[in-house]
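Here the structure is laid out as structure tokens; the discussion comes afterwards.
In UniProt numbering, the protein residues as written are 1 to 318.
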């Protein structure tokens, strides 16, 4: 992806959210309910039902050439299958069905990587055409795809503040306090529950409205997992960008996420900005640079000859 080019991930996500909101705001009396899929429905029948324009899955429009036809979001597909198929009531059941579809080469990750598993969240997959079943594209670069698209896995909440032991009526003053803030850490809490805060990076089009007369771009560092009971971190980094345009972009994001029931709180990436740390951001905190003052000695002037030649009326020294 060229620097400064609009990242399609944000545009597609905003359009997808607006379409979903417009469908939800319609009159419920006008909704035509199709019969549910049978529990023994074949994978082909499920995929054909997903393509239906009325009660099918909301497929992403092919507005960008980098996306294949019939591209969909994994979390939407899971929720749709639970609603439209008999016998599928849990996320695990829906995941097994889509995983089997991927194993049979009926669906594939939008990057063309056949080894990418089916993951719940904002992950892009597409329905493979029958003519393309035996020739799935292998030439796509997964690194380039990840630079254009922000994919986040949705995991179950950890239920911080709740006890893993049998429920006993106690007057615990720390009831509801997250585990890492308690005086006594719960020994039954698994340490790997906190080890999923992996970050990835992608390009970001800072000037999406083309207000600047020059090329501006940035990067986004984002968490690869999302839990409803935890804060989600999204770091915006830029060097070639105007401060006013960056501020306007963040304000737009803050307004649009409210429609999704979320709240975006802008904070400094490095609030302390300690310059003596090895991992300190040099753009956030001043770094001491020693200065050699020997050149300021009047008896040891640099370029002595040139200084005399530059003063009118003075003889040049060679």
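In this text, a Cβ means the ideal position worked out from N, Cα and C, and glycines have one as well.
{"Asked": "Three or more C-beta pairs below 8 angstroms linking the region 49 to 68 and the region 80 to 93", "Found": "yes"}
{"Asked": "Coarse secondary structure for residue 108, derived from DSSP in three states", "Found": "strand"}
{"Asked": "Chain-order list of residues whose beta-carbon lies under 6 angstroms from that of residue 113 (same chain, five-residue window excluded)", "Found": "142"}
{"Asked": "Cβ neighbours of residue 221 in the same chain (closer than 6 angstroms, five flanking residues each side left out)", "Found": "199, 201 and 235"}
{"Asked": "Closest by C-alpha distance to residue 107, when choosing among 89, 73 and 88", "Found": "73"}
{"Asked": "Residues sharing a beta bridge with residue 218, DSSP", "Found": "204 and 238"}
{"Asked": "Whole-angstrom C-beta distance between residue 229 and residue 216, which should lie under 8 angstroms", "Found": "Wrong, their Cβ atoms sit about 36 angstroms apart, outside the cutoff."}
{"Asked": "Cα-Cα separation between residue 127 and residue 92, rounded to whole angstroms", "Found": "20 angstroms"}
{"Asked": "Delimiting residues of the alpha helix (DSSP H) encompassing residue 46", "Found": "43 to 50"}
{"Asked": "Minimum Cβ-Cβ distance from residue 237 to chain D less than 9 angstroms", "Found": "Judged by its chain identifiers, the structure shown contains no chain D, having just a single protein chain."}
{"Asked": "Proximity to residue 157 [Cα-Cα], best of 183, 271, 226 and 242", "Found": "226"}
{"Asked": "Candidates 241, 231, 291 and 276: closest to residue 266 by CA position", "Found": "231"}
{"Asked": "Whether residue 124 touches residue 109 by CB criterion (9 angstroms)", "Found": "yes"}
{"Asked": "Which of helix, strand or coil DSSP assigns to residue 92", "Found": "helix"}
{"Asked": "Residue 264 - DSSP class collapsed to helix/strand/coil", "Found": "coil"}
{"Asked": "Among 152, 253 and 285, nearest to residue 121 - alpha-carbon criterion", "Found": "152"}
{"Asked": "Per DSSP, cross-strand counterpart(s) of residue 153", "Found": "121 and 225"}
{"Asked": "Helix, strand or coil at residue 250 according to DSSP, with G and I counted as helix", "Found": "helix"}
{"Asked": "Residues that DSSP places opposite residue 37 in a beta bridge", "Found": "85"}
{"Asked": "Residue from 238, 37, 48 and 119 with nearest C-alpha to residue 86", "Found": "37"}
{"Asked": "Residue from 39, 295, 118 and 212 whose Cα sits closest to the Cα of residue 243", "Found": "212"}
{"Asked": "Distance between residue 145 and residue 252 (C-alpha atoms, nearest Å)", "Found": "25 angstroms"}
{"Asked": "Span of the beta strand (DSSP E) around residue 142", "Found": "Premise fails: residue 142 lies in the alpha helix (DSSP H), 142 to 148, not in any beta strand (DSSP E)."}
{"Asked": "Residue 73: first and last residue of the uninterrupted beta strand (DSSP E) it sits in", "Found": "71 to 73"}
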